[in-house]
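*Asks:* Here the sequence shown is numbered in our numbering, starting from 61 and rising by one per residue.
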Amino acid sequence: MNHYETVFILNPVLSETQIEETVKKFEDFLINNGAKMVSKEDWGLKKLAYPIQHKKSGFYHLFEFTAPGEAIGPYEVEFRRDERVMRFLTVKLDKHAIAWAEKRRTKLKAKA
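Given below as structure tokens:
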């Protein structure tokens, strides 16, 4: 089981229920493929650095999870097939990145 982090940007014209539906779809996909969710964050609507698909903003979401390496290929194919997703990036976290992510999570919990 490797530790991964995925950030994805959803189309800004989606309704609240469509966004929740999409996030749930990808979360369920991971869980059904043997992943364990570590953290899930909704970063909200943010302005993009440059236009993507003629849009200037998007809804950002972050998933942090542990999963077998074989689950990542099909997971990314699902992102490519879904027209609601404008961009996504999945990275494998090394021990330093895992420690940094834990530190970041504890700071966020302290603020809340």
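Glycine included, each C-beta is placed from N, C-alpha and C at the ideal position.
The structure presented is a predicted model; accordingly, all values stated were derived computationally and were not measured.
If you reduce the DSSP assignment to three classes, tell me which class Arg144 lands in.
*Replies:* Counting from one through the sequence shown, the residue named residue 144 turns up at place 84. Coil.
*Asks:* So what does Lys106 bridge to, in DSSP terms?
*Replies:* Looking up residue 106 in the sequence shown gives position 46. In DSSP, Lys106 forms a bridge with Gly118.
*Asks:* Which of the three DSSP states is assigned to Pro128 in this structure?
*Replies:* Start at 1 with the first residue of the sequence shown, and residue 128 comes out as number 68. Pro128 falls in the coil class under three-state DSSP.
*Asks:* Identify whether Asn93 lies in helix, strand or coil by the three-state DSSP scheme.
*Replies:* On the sequence shown, position 33 is the one that residue 93 refers to. Of the three classes helix, strand and coil, the one that applies to Asn93 here is coil, per DSSP.
*Asks:* Going by Cα to Cα distance, which pick from Gly104, Ser99, Phe68 and His63 is closest to Asp142?
*Replies:* By 1-based counting over the sequence shown, the position of residue 142 is 82. Checking every option, the nearest Cα to that of Asp142 belongs to Phe68.
*Asks:* Starting from Leu168, trace the alpha helix (DSSP H) in both directions and tell me its first and last residue.
*Replies:* For the purposes of this step, residue 168 is taken as residue 108 along the sequence shown, with counting starting at 1. Start and end: Lys155 to Lys171.
*Asks:* Could you spell out where the beta strand (DSSP E) holding Val67 opens and where it closes?
*Replies:* As a working mapping, residue 67 is identified with position 7 in the sequence shown. Run containing Val67: Asn62 to Leu70, per the beta strand (DSSP E) assignment.
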